[in-house]
Amino acid sequence: MAHSEPVALITGAAKRVGAACAQHLHGLGWSVIIHYSHSQADAEALVAQLNGQRSNSAIAIAANLSALSEVMSLAQQASTCFGRVDTLINNASSFYPTPIGQTTEADWQDLFASNAQAPFFLAQALTPMLRQSPQASVVNLIDIHARFPLANHTVYCMAKAALEAMTRSLAKELAPEVRVNGVAPGVIAWPEGAGSMSAEQQADILASVPLGREGGVDAIAETVAFLVQGSRYVSGQIIAVDGGRSVWG
Ligand SMILES: NC(=O)c1ccc[n+]([C@@H]2O[C@H](COP(=O)([O-])OP(=O)(O)OC[C@H]3O[C@@H](n4cnc5c(N)ncnc54)[C@H](OP(=O)(O)O)[C@@H]3O)[C@@H](O)[C@H]2O)c1
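Position in the sequence shown (from 1) plus 1493 gives the number in the working numbering.
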C-alpha cells in the first residue's frame, strides 16, 4: 500500500535551513527524506526526533552530491524508501570565495556540482515519480547573489544563476504536472566553515538590509512550505526572502 503522507526529499537537510524545512513540512503532515553528506549525527538525530513524533515519517540518506553516481543513487533510494516523492527541495550547497587568480578547476566543479548539477539530475531522475503526484513541486534554494553579485564569489554566483535558469526552464518543461519555483535567501544564517565571515563583514552586510537583521531559518522554511503546498497556481517564480535587501541596490 502506498505511503499515506506526501513525501519531500530535502537535500542538505541535517542542519540549518534544510533541517528547518524538514521540521516545518513534517509539522504540516509530510514525511521527509533527509539527505546529508558529512553531517550523519545531526541527520540521524533529526530523523529520530521526527519519527518520535510520528512513526515511519522520516528517513536519512547519505550522498556526496559532487559525484553524479551518488546523485543517481540518492534519487533511486528516495524513490523506493516510501514508494512516493511529491516534492524535491534542492537545498544542499557549497559556498566559499573563488577570487580571480586563485580559483581551481576543482573549486569550479565542486560549486557547480552541488548548486546546479545535482539539482538538475535529481529533478530529471525524479520527474516520472513526481508526475504521479497530484501536488508535485520542485523548490530550489537559490540566492539573491545569483542576480546581485557577491564580491570574490563569482563561481558560486554563476552556479546559483544556473539554478535560477533551471527553475524557470523546468517550470515550462515539467508543466502541467509539476510546479517548479525558487527561494532566493538574503542574510538568513551566517555561513560556517570555509565561507565564514568576520564580525566586520557581517555588520557591513546588515547595513544594507532594510529590515536590519538576519532572517533566521524559519523565514525560509515558511516560504518553502508556501511554495510546496500553499501556492497551487504559482510556477516559475523566485521569491526573495531577504529583508528587502534586493531593492536596496
Ligand atoms: N544561510 C544563508 O543565509 C543563505 C543565504 C543565501 C542563500 N542560501 C542558500 O540556502 C540554502 C541553505 O543554506 P544553508 O546556509 O543552510 O546551507 P549550508 O549550511 O551552507 O549547506 C547545507 C548543506 O549542504 C550540504 N552540502 C554541501 N555540499 C555538498 C555536497 N557536495 N554533497 C552533499 N551535500 C552537500 C551540507 O551537508 P552535510 O553537512 O551533511 O555535509 C550542508 O550541511 C543553500 O542552497 C544556500 O546557498 C543561504
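For each residue, glycine too, the CB sits at the ideal point set by N, CA and C.
Do residue i and residue j have their CB atoms nearer than 7 angstroms?
i            : j            : result
residue 1759 : residue 1552 : Because residue 1759 is not part of the residues shown, which for the chain are 1494 to 1742, the question remains open.
residue 1629 : residue 1671 : yes
residue 1581 : residue 1663 : no
residue 1584 : residue 1504 : yes
residue 1604 : residue 1587 : yes
residue 1673 : residue 1510 : no
residue 1556 : residue 1618 : no
residue 1539 : residue 1512 : yes
Any heavy atom of ligand 1 closer than 6 angstroms to the Cβ of residue i?
i            : result
residue 1705 : no
residue 1589 : no
residue 1699 : no
residue 1726 : no
residue 1509 : yes
residue 1519 : no
residue 1584 : yes
residue 1642 : no
residue 1531 : yes
residue 1678 : yes
residue 1744 : One cannot answer for residue 1744 here, as it falls past the ends of the chain, which runs 1494 to 1742.
residue 1471 : Outside the shown range of the chain (1494 to 1742) lies residue 1471, about which nothing can therefore be said.
residue 1541 : no
residue 1711 : no
residue 1636 : yes
residue 1505 : yes
residue 1633 : no
Can you round the beta-carbon distance between residue i and residue j to whole angstroms, since I take them to be within the 8 angstroms contact cut?
i            : j            : result
residue 1677 : residue 1735 : 7 angstroms
residue 1632 : residue 1717 : 5 angstroms
residue 1650 : residue 1656 : The Cβ separation is near 11 angstroms, so there is no contact.
residue 1659 : residue 1613 : 6 angstroms
residue 1522 : residue 1537 : Actually they do not touch by this definition, with Cβ atoms about 22 angstroms apart.
residue 1701 : residue 1738 : 6 angstroms
residue 1514 : residue 1635 : Contact doesn't hold; Cβ gap of about 14 angstroms is too wide.
Judging by CA-CA distance, which residue of the options is the nearest neighbour of residue i?
i            : options                   : result
residue 1666 : 1637, 1621 and 1627       : 1621
residue 1640 : 1731, 1682, 1698 and 1507 : 1731
residue 1534 : 1516, 1554 and 1669       : 1554
residue 1699 : 1686, 1711 and 1681       : 1681
residue 1661 : 1509, 1590, 1597 and 1729 : 1729
residue 1669 : 1637, 1686 and 1624       : 1624
Per DSSP, which one or two residues make a beta bridge with residue i?
i            : result
residue 1674 : 1632
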